[in-house]
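Participant: Once you've had a glance at the structure underneath, I'll fire off some questions.
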Amino acid sequence: MNNSTKAKLRNGETVLGTFVFLGDPAVVEIAALAGFDFVIIDSEHAPRGPEAIEGMIRAAEARGITPIVRVSRTDEKEILRALESGAQGIIVPQLESGEQAAEAVAATRYPP
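Residue numbers (our numbering): 2 to 113.
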């Protein structure tokens, strides 16, 4: 999957994004129509199930913007589920140490 936000950043272009707290994929479509390059689908402060997150990711893909998911915690299953659903970026909140950051990065790697 092509990550248009990364491509623009590599070219020195400015990108615009917004957080999406509502669980309706139509909000993601509205963000795309408003000209945003990416959306951050929040599941930290607006907990939602994997089906809702996947629907929002599909809406982003359909409109050509980059879906990023902020997970609720450093949890390997939650991080992998977001990536498997098509998230092109992950934000892990509340990291308090380098060890936690390393765990979050390790959670993005698929075992051989």
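Idealized CB from N, CA, C, for every residue including glycine.
(1) Please report the straight-line C-alpha distance between Gly-116 and Leu-17, rounded to a whole angstrom.
(2) What did DSSP end up calling Arg-64 once you bin it into helix, strand or coil?
(3) Which stretch, first to last residue, makes up the alpha helix (DSSP H) that contains Gly-99?
(4) Look at the alpha carbon of Gln-89 and the alpha carbon of Pro-48, and state the distance between them as a whole number of angstroms.
(5) For Arg-110, count neighbouring Cβ atoms within 10 angstroms of its own Cβ and tell me buried if that reaches 16, exposed if not.
(6) So, for Ile-92: in the same chain, excluding its five sequence neighbours on each side, which residues have a beta-carbon less than 8 Å away from its beta-carbon?
(7) Going by beta-carbon coordinates alone, are Thr-75 and Leu-96 separated by less than 8 Å?
Facilitator: Concretely, from the data shown:
(1) This structure cannot settle anything about residue 116, because the visible part of the chain is limited to 2 through 113.
(2) Arg-64 falls in the helix class under three-state DSSP.
(3) Counting along the chain, the alpha helix (DSSP H) containing Gly-99 begins and ends at 99-108.
(4) Approximately 19 Å between the Cα atoms of the pair.
(5) Result: exposed.
(6) Closer than 8 Å at the Cβ level, and outside the excluded window around Ile-92, lie Ile-41, Ile-69, Val-70, Arg-71 and Val-72.
(7) Cβ atoms of Thr-75 and Leu-96: closer than 8 Å.
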